[in-house]
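Heads up: the sequence shown is residues 0 to 123, going by numbering that gives the first Met the number 0.
All C-beta atoms in this analysis are idealised placements derived from N, C-alpha and C, irrespective of residue type, glycine included.
Take a look at the structure below.
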Amino acid sequence: MAEIDFERRLERLFADAPELPDAQAFTQRIEQRLNRGWTARRWLLGASGMAGGVIGGSQLVMSNVFQQVESAEQSARVIGQGLARVTPTSDMVSALSGGYGLWIAVGVAVLTMGFAVARVFEEL
Numbered sequence: 000m001a002e003i004d005f006e007r008r009l010e011r012l013f014a015d016a017p018e019l020p021d022a023q024a025f026t027q028r029i030e031q032r033l034n035r036g037w038t039a040r041r042w043l044l045g046a047s048g049m050a051g052g053v054i055g056g057s058q059l060v061m062s063n064v065f066q067q068v069e070s071a072e073q074s075a076r077v078i079g080q081g082l083a084r085v086t087p088t089s090d091m092v093s094a095l096s097g098g099y100g101l102w103i104a105v106g107v108a109v110l111t112m113g114f115a116v117a118r119v120f121e122e123l
């Protein structure tokens, strides 16, 4: 019981610490240091971002990325035209619409429930 009273008194002493006469000056000095640090960090981050942007832009220009994008666009057109000619076969449609599609959906649902139950047990 004496320990509990001592701890409570000790906590009250630390909670009610007297303010020192130079507390305001100390607070101002710390705030000035923090403000200088944040300003320096902002300038450093801005300068490094600018340097990274310039380097990245020059790399894009030097690697002929615009020409590669144009050739990729042409390739995408050719692929799109090829896919437009592909039609689904009746075997694929009948396999998914029949019993196999149902069993696949049931299996995925059971698997999802298993993950959900495992997550609940993990949270407990």
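Pairing W37 with L43, the inter-Cα distance amounts to about 10 angstroms. In this structure, the CA atom of V77 is about 15 angstroms from the CA atom of Q67.
Here L19 carries a coil assignment [DSSP, helix/strand/coil]. For L82, the uninterrupted alpha helix (DSSP H) run begins and ends at V64 to R84, by DSSP. Straight through space, the alpha carbons of G55 and E10 are spaced by roughly 56 angstroms.
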